[in-house]
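In the numbering used here, the protein residues as written are 1003 to 1077. Built from N, CA and C at the ideal position, the CB exists for glycine as well. If you're wondering where the values come from, they're calculated on a predicted model, not measured in any experiment. One structure below.
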Amino acid sequence: MPSHDWHILSDETQLTLSRAALVLAVQTVAGQAEMLALEMENGALADRGGPDALRLFAAVLRVSQDSGMEVRGNA
């Protein structure tokens, strides 16, 4: 969508699309962290304590998504 098209959308639609994009981004990053943790555990990547840290990072992202996506203020 060209940027000039974004501005013709209502504020509510912009918020809905932005929220959906954030949810997808969190899911993507958390999934990649989990995948890296598995790769380390399986020996494909050097393990320097990373799997536990990556799983913690993924959990923090998911918890933040569940509790921090409320609408605050106006667009």
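For this session: Assign D1013 to one of three DSSP states: helix, strand, or coil.
Result: Residue state for D1013 is assigned as helix, using DSSP reduced to three classes.
Problem set entry | Validate contact between the region 1018-1034 and the region 1045-1065 using beta carbons, cut 8 Å, 3 pairs | Contact annotation: the region 1018-1034 touches the region 1045-1065, with at least three C-beta pairs closer than 8 Å.
For this session: Please classify L1040: does DSSP put it in a helix, a strand, or coil?
Result: helix
Exercise. What residue from L1011, T1018, L1026 has the CA that sits closest to Q1067's CA?
Worked result: Measuring from the Cα of Q1067, the nearest candidate turns out to be L1026.
Exercise. For G1051, does the three-state DSSP call read helix, strand or coil?
Worked result: coil
For this session: Rank A1048, A1046, P1053, L1017 by C-alpha distance to the C-alpha of E1036 and give the top, closest one.
Result: Among A1048, A1046, P1053, L1017, the Cα nearest to that of E1036 belongs to P1053.
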